[in-house]
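Chemist:
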Amino acid sequence: MNTAKANKNILIDMFDRLYSFYGPQDWWPAETPFEVIVGAILTQNTAWANVEKAIMNLKKADLLSPRALKAASQKTIARLIKPAGYYNVKSKRLKNFVNFLFLKYRGSLSKLSSLKTWELRKELLSVNGIGPETCDSVLLYALEKPAFVIDAYTKRIFSRHGFFEEDAGYEEVRNFFMEQLPLNKDLYNEYHALIVRLGKEHCRKIPKCKDCPIIYLKK
DNA sequence: GACCAGGCACATC
DNA sequence: GATGTGCATGGT
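Residue numbers (my numbering): 29 to 247.
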């Protein structure tokens, strides 16, 4: 069997193990697509528990819509999202996104979403503050496009299983998954969510992942 | 009190 | 192209 085929079987098998072990994760935890996008920016290098507090503050202030967030001052946003950390940087990034949305798509996520996926990706990446992971999170969880999300957990877990180096580049790792797996947003949705679940519960501070419930290759 | 968390942009070489 | 640094809160 060639390597590509073997990897495909392994990745599917790992998904099956994770799904059997944890069950459906029901991602992304948000009420609206716009809330997904706000959460994706706020969770950059930040624990989700902190993001939840910031989202709650925005929700109470009724700022979880493109129009309301565009009308709010950066200072106001910064104050509300303080629990999520990097509040000066992130308030600017939120403003960058809504300004982009209104400037080019009349503030409409539907209009934005009507682009082809590759065009969407290019557009989102052009916004200052939206890097590859945030971009793919928005594509997959807010706009329901098939884009596999790579995060620190994904690199840590799968490099330990010997698929690539831990410091491999984002696009390299993303291509690895997307070339081996069928182009399916529901699969990508569940897979990434399961990886994060596994990372949070098993791979934090465990050097070799010895009790990993999905371990497939012994390295 | 160190270390980490669902990154990213920017400066510098 | 690769490497280093600032950004900041709250939990372990």
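Think of the CB as a built atom: it goes at the ideal place given N, C-alpha and C, for glycine as much as any other residue.
Since this is a predicted model, take the numbers as computed values, not measurements.
Please classify Leu245: does DSSP put it in a helix, a strand, or coil?
Modeler: Residue confidence for Leu245 is low, a pLDDT of 48 falling below 50, so the modelled location carries little weight; the figure read from the coordinates is stated next. It is coil, neither helix nor strand.
Chemist: With C-beta atoms as the reference, is Pro94 less than 8 Å away from Val126?
Modeler: Cβ distance < 8 Å, so Pro94 and Val126 count as in contact.
Chemist: Is it buried or exposed for Thr162, if we count other Cβ within 10 angstroms and need 16 for buried?
Modeler: Result: buried.
Chemist: In three-state terms, what does DSSP make of Pro111?
Modeler: In the structure shown, Pro111 sits in a helix (DSSP, three-state: H, G or I).
Chemist: Please list the segments of the alpha helix (DSSP H) lying wholly inside the segment 123 to 150, counting only runs of 4 or more residues, in order along the chain.
Modeler: Within the segment 123 to 150, the complete alpha helix (DSSP H) runs of at least 4 residues are 137 to 141.
Chemist: Is it buried or exposed, Arg134, if we count other Cβ atoms within 10 angstroms and call 16 or more buried?
Modeler: Counting Cβ neighbours within 10 Å, Arg134 comes out exposed, since fewer than 16 surround it.
Chemist: In terms of residues, what are the limits of the alpha helix (DSSP H) holding Tyr169?
Modeler: It is not in any alpha helix (DSSP H) - Tyr169 carries neither H nor E in the DSSP assignment.
Chemist: Take Arg149 as the anchor and find which of Phe130, Asn78 and Glu172 has the nearest alpha-carbon.
Modeler: Taking only the C-alpha atoms, the option nearest Arg149 is Glu172.
Chemist: Quick check on Ala75: buried or exposed, where buried means 16 or more other Cβ atoms within 10 Å of its Cβ?
Modeler: Counting Cβ neighbours within 10 Å, Ala75 comes out exposed, since fewer than 16 surround it.
Chemist: In or out: Thr182 buried (at least 16 other Cβ within 10 Å) or exposed?
Modeler: The residue is buried, with at least 16 neighbouring Cβ atoms inside 10 Å.
Chemist: Is it the case that the segment 42 to 55 contacts the segment 208 to 224, given that we only count it when at least three CB pairs across the two stretches are under 8 Å?
Modeler: Contact between the segment 208 to 224 and the segment 42 to 55 is present, because at least three Cβ pairs lie under 8 Å.
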